[in-house]
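Quick notes on the structure that follows.
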Amino acid sequence: IPVEEEVTIVPPNEETAEPIVEDAAAKTTTTTAPPSRKIRKRKRRTSRPPTTDAVVNVTAMALHDDHEHEHDEEDSDEIIISCLTWNLAEVMPEDQGSYTDFLRDLRGSDLICVCIQECENPKPRRAEGSRSRSIRRSCIQCFGKEYVPIAMHSLGGVQLALFAHKGRMLHRLDYVSVADVACGVGNVFHNKGAIGAFVKTRASSGNANDEKRMLFVSSHLAAHASKVDDRNADFWRIVGELEAQVPPRFLLGGKKMSTRANASNGHQKQSLLLEAMDYVFWGGDLNYRLDLPREYAEHKILKILKHDETEKHSISSLYRDLLRHDQLLKTISSGKAFYNFAEGPIDFPPTFKYDKGANVYDSSHKKRVPSWTDRILFKCDCDSPSSSEGGKGGVHVMEYGCVQEATQSDHRPVCAKFSVRLSSSSSSSSAVQ
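Residue numbers for the sequence shown follow my numbering, so the first one is 218 and each next one is one higher.
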């Protein structure tokens, strides 16, 4: 918290002050210098709200004080990371148990990242909204005393909360920092944007190569089916702004920048940030849609719902037919955004847009095309997301799906669980699956 110093001058004691001496010859009046005055400094706190830097400093202090705690067991080469993203559509569930149940399912992981969008309305506000506070309290209560919040930040309606297991993970963390980027109107308003949490782990084996740099991002990109270029621009703006705010220690190592060639003019965009990170986990309402007529998409979805769960091959084939028209997958393959990012297999229905409180896709006059707008992507330090060799570790997707029972919003929550390798001792087994 900023501190201003107010100086108060204390007058000298009248009894100890030197008397005035009158010189009869010169008829002049002289005075001796008064004794040194006492200066009392009084600290005054201002009402200025804490900044991100203050929050980061408190987090860093909490992490370094954790040496007093003993961890549960020997450090493993692999950790479990769970991520959740949910667009609340400015609606707080009336039944707390309806959404806390799947939050509890995330317990057991070493790191838990919760990404929330539209938890508040987009109007400018000086203080944090009640829904934001309620969501944080619910996360803390659901995860229990075994988990410690190491990063909690909000930007308008976007929230990011990162929790570490007290016994298995907290002692392995070296540094945590938080940054945010506004992507709303004029790149000023907070109705769209992103929050990034930078996490650096300690090397448990004494090998400097076992230090890992991770980035967790919660984002809300530009809406509407025709705004693909705007969403791609949001991605590069977020990457660029986060790179400007990243702690210097995260950009060490002299790794190559990731580049993207624009087919139209040959211009290349570079990101030292993405290449400096060993792992990136990016969740949120990315808003990429299906380039299909509503009738065709709905027809395919109805076929999927009619199939029995035992017919997994037929269901997967129907999902693939829809995903061929997914804007995000096209964007990744073209390299225009999210270059070298990967995703778990999608075998769940589109997560947008539902009628609130029902499992029925948009029945309003707009008739929006059902789409997988809510995604959780990841990137590791490998030559390519599908490579089975190289890199400093690997990511294995253990689970990836949505929660159909959470019907309060027009979006469905999406959860993912990853097994992440921290040790680089066995590079031959490093893989992204």
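We put the beta carbon where it would ideally sit given N, CA and C, even for glycine.
Separation of residue j from residue i, as counted between CA atoms
{"i": "residue 478", "j": "residue 459", "result": "Residue confidence for residue 478 is low, a pLDDT of 39 falling below 50, so the modelled location carries little weight; the figure read from the coordinates is stated next. Whole-angstrom Cα-Cα distance: 21 Å."}
{"i": "residue 516", "j": "residue 319", "result": "29 Å"}
{"i": "residue 462", "j": "residue 494", "result": "14 Å"}
{"i": "residue 531", "j": "residue 430", "result": "40 Å"}
{"i": "residue 501", "j": "residue 592", "result": "6 Å"}
{"i": "residue 335", "j": "residue 397", "result": "16 Å"}
{"i": "residue 504", "j": "residue 427", "result": "35 Å"}
{"i": "residue 625", "j": "residue 369", "result": "24 Å"}
{"i": "residue 443", "j": "residue 357", "result": "38 Å"}
{"i": "residue 349", "j": "residue 371", "result": "8 Å"}
{"i": "residue 285", "j": "residue 528", "result": "A caution first: residue 285 carries a pLDDT of 46, below 50, which makes its placement in the model too unreliable to give a value."}
{"i": "residue 379", "j": "residue 326", "result": "12 Å"}
{"i": "residue 468", "j": "residue 640", "result": "20 Å"}
{"i": "residue 601", "j": "residue 614", "result": "Residue placement at residue 601 is flagged as unreliable, the pLDDT there being 38, under the threshold of 50; a coordinate-derived value is accordingly withheld."}
{"i": "residue 438", "j": "residue 533", "result": "28 Å"}
{"i": "residue 404", "j": "residue 447", "result": "12 Å"}
{"i": "residue 535", "j": "residue 541", "result": "10 Å"}
{"i": "residue 590", "j": "residue 553", "result": "18 Å"}
{"i": "residue 546", "j": "residue 389", "result": "35 Å"}
{"i": "residue 489", "j": "residue 575", "result": "44 Å"}
{"i": "residue 511", "j": "residue 521", "result": "15 Å"}
{"i": "residue 346", "j": "residue 355", "result": "15 Å"}
{"i": "residue 621", "j": "residue 436", "result": "22 Å"}
{"i": "residue 632", "j": "residue 539", "result": "21 Å"}
{"i": "residue 339", "j": "residue 321", "result": "29 Å"}
{"i": "residue 330", "j": "residue 367", "result": "10 Å"}
{"i": "residue 548", "j": "residue 618", "result": "22 Å"}
{"i": "residue 550", "j": "residue 629", "result": "26 Å"}
{"i": "residue 359", "j": "residue 353", "result": "10 Å"}
{"i": "residue 616", "j": "residue 351", "result": "27 Å"}
{"i": "residue 623", "j": "residue 525", "result": "22 Å"}
Start and end residues, alpha helix (DSSP H) containing residue i
{"i": "residue 322", "result": "From DSSP, residue 322 is part of no alpha helix (DSSP H); its letter is neither H nor E."}
{"i": "residue 516", "result": "511-523"}
{"i": "residue 442", "result": "Here residue 442 belongs to no alpha helix (DSSP H), and DSSP marks it neither H nor E."}
{"i": "residue 356", "result": "347-360"}
{"i": "residue 544", "result": "544-551"}
{"i": "residue 617", "result": "Run containing residue 617: none in the alpha helix (DSSP H); it sits in the beta strand (DSSP E), 612-619."}
{"i": "residue 529", "result": "529-540"}
Check whether residue i and residue j have beta carbons under 9 Å apart
{"i": "residue 679", "j": "residue 337", "result": "Given that the chain is displayed from residue 218 to residue 650, the structure contains no residue 679 and the question cannot be resolved."}
{"i": "residue 445", "j": "residue 414", "result": "no"}
{"i": "residue 596", "j": "residue 513", "result": "no"}
{"i": "residue 365", "j": "residue 332", "result": "no"}
{"i": "residue 411", "j": "residue 434", "result": "yes"}
{"i": "residue 386", "j": "residue 301", "result": "no"}
{"i": "residue 573", "j": "residue 308", "result": "yes"}
{"i": "residue 588", "j": "residue 562", "result": "no"}
{"i": "residue 400", "j": "residue 454", "result": "yes"}
{"i": "residue 555", "j": "residue 499", "result": "yes"}
{"i": "residue 543", "j": "residue 507", "result": "yes"}
{"i": "residue 306", "j": "residue 579", "result": "no"}
{"i": "residue 634", "j": "residue 298", "result": "yes"}
{"i": "residue 408", "j": "residue 416", "result": "no"}
Contact test: residue i Cβ vs the ligand HEM heavy atom, cutoff 8 Å
{"i": "residue 377", "result": "Annotation note on the ligand HEM: not contained in the displayed structure, which lists no ligands."}
Span of the beta strand (DSSP E) around residue i
{"i": "residue 555", "result": "Counting along the chain, residue 555 falls outside any beta strand (DSSP E), and DSSP gives it neither H nor E."}
{"i": "residue 686", "result": "Only positions 218 to 650 of the chain appear in the structure, and residue 686 is not among them; the question remains open."}
{"i": "residue 295", "result": "295-304"}
{"i": "residue 651", "result": "This structure does not reach residue 651, given that the chain is present from 218 up to 650, and the question cannot be answered."}
{"i": "residue 368", "result": "364-372"}
{"i": "residue 429", "result": "Careful: residue 429 lies outside any beta strand (DSSP E) and carries neither H nor E."}
{"i": "residue 596", "result": "591-597"}
{"i": "residue 332", "result": "328-334"}
Residue of the options minimising C-alpha distance to residue i
{"i": "residue 391", "options": "358, 490, 383 and 419", "result": "419"}
{"i": "residue 585", "options": "630, 537, 509 and 492", "result": "509"}
{"i": "residue 577", "options": "518, 548, 526 and 612", "result": "518"}
{"i": "residue 324", "options": "546, 361 and 629", "result": "361"}
{"i": "residue 363", "options": "384, 619 and 440", "result": "384"}
{"i": "residue 491", "options": "436, 521, 526 and 557", "result": "557"}
{"i": "residue 292", "options": "382, 373, 367 and 537", "result": "382"}
{"i": "residue 612", "options": "354, 559 and 618", "result": "559"}
{"i": "residue 598", "options": "303, 373 and 432", "result": "432"}
{"i": "residue 373", "options": "317, 304 and 537", "result": "304"}
{"i": "residue 583", "options": "441, 537 and 629", "result": "441"}
Secondary structure, beta strand (DSSP E): runs of 3+ residues fully inside the segment 380-412:
390-399
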